[in-house]
Each structure stands twice: as structure tokens, then as C-alpha cells.
Amino acid sequence: GAQVRSLIYGQNVSQLSFKRSLTRSPKTRRIAVNAWNPILGIPVQGVFEPPGARAPKLGESGASKIKLVEVSYNVVGNYTAPELIILAKRIYDEQATQEIEGEIETRELVDSTELSLLGLANGDTMFIRLGRELQTSIEGMNPAEAVAFLSSVARPNALSPVVAQALVQAYTTAGRLAVSFYVREATHTWTADRGYSLRATFVNFLIGQGI
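So the sequence shown is residues 5 to 215, counted in my numbering.
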């Protein structure tokens, strides 16, 4: 995707979560990269299937539990099929070793730079940062000091100790992560009672780099 959007947790983000799967077997996944070639006006696809990976046949042991899942990614550019296969293998390798997944939700119509969020979709880049107020308030503190500061009853917006501890843990984790993410899926919702909301899932690497 061509869009780049920025969101700040603590200002225009109502929910943010990260997770890493340590049990999902990458051998059950094949990666398909679909490219739209704007020069030729045709779609091109490259698929990487890891060696030995296959969907079990009916009646085989474990056939009801194991499925060969195909995960698709979309890009735009003058790619050839061999280039897309290389790209798909790179995605597979990164997923198998260091993928961090996350989910973010906001009710804002624009990001922190006043750009519209309505067109956010698969392939776009998202920058997620912690609010400056939080960064400056607990920067340089150890976890115990940060929890005590955020939960102090002397502060007008004091947090409960449990919430403060969770926030400090998230802050520490976020400090070790890249702030740029690849949008895997974006769901835009309008309802009569809640208005607009955006829920997006993302991963911590960008595809299409270096080719």
C-alpha cells in the first residue's frame, strides 16, 4: 500500500494489543503475494510453499486438526513472478522467526497528522507511538518507580496499581519494538450508537523492501 498513517497511544487510540505466537507451526502455511502491475495492467502472483508442507488427506492421522493455510499479501508494482516468490519466501522466513502481531482500535477519522483514516487497508504502513506525555513522565525510571509514579494518589489522573503495572509493561515492551508496522487487515465500521471506528491488525515487518 502507498498510504502512511501515524497513531499515538494515549491520544487517538482506544485499544492496542501485541502478541507473539510461539506454538503456530509455520510449515502449515503457504505465502501468496499478489501484485498489480500498473504498467502492463495485469495481475501477477508468486507463491512460496515450504518444503514438506502439505494439507493432510482425508483419513490421515491429524487431518482434522492440521490445515495448510494460505496467507495472501497484496502489493502494487512492476514485479515478476520469480521476484514475488522471493518476496513470499522472505515473508515466510520472517513470520517463522520474529513475527509480532497486534491489533489497534480508534474512533478517530484522522490520524495524528490530520490525514484521513478512511482508506486505510492491507499493505499500508502504520506508525504507532506512545504519547509524549507518558514518555516524558516516566522516561528514565525503573519499572517500580514508574508504577509508583503513575498510581500516585497525588496525581490528578492517577491510575490503579494494576493498570499502571500493565501500562509500564507495555511501555517497556514497546520500547524494544519497531514503531513501523504493516497493516494486514483493516475493518471500518459505522454504527448509530458508536459512530465510526477502525480496527486494524498488523505485523512488525514491511514487505516489498529490497527488490
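From the three backbone atoms N, C-alpha and C, an ideal C-beta is built for every residue, glycine too.
Problem set entry | Helix, strand or coil at V151 [DSSP, three-state] | helix
Exercise. Which value, in whole angstroms, describes the spacing of the CA atoms of R172 and P160?
Worked result: Looking at the sequence shown, residue 172 is not Arg but Val. In a straight line, the C-alpha of V172 is about 18 Å away from that of P160.
Exercise. Does the Cβ of D115 have 16 or more other Cβ atoms within 10 Å, making it buried, or fewer, making it exposed?
Worked result: buried
Problem set entry | DSSP state of E118 mapped onto helix, strand, coil | coil
Exercise. What are the boundary residues of the beta strand (DSSP E) that T84 is part of?
Worked result: Per DSSP, T84 belongs to no beta strand (DSSP E) and is neither H nor E.
Problem set entry | As assigned by DSSP and simplified to three states, the class of R94 | helix
For this session: Take the Cβ of I95 as the centre, count every other Cβ of all protein chains shown within 10 Å, and call the residue buried at 16 or more, exposed below.
Result: buried
For this session: Please say whether N126 and Y83 have beta carbons closer to each other than 8 Å?
Result: no
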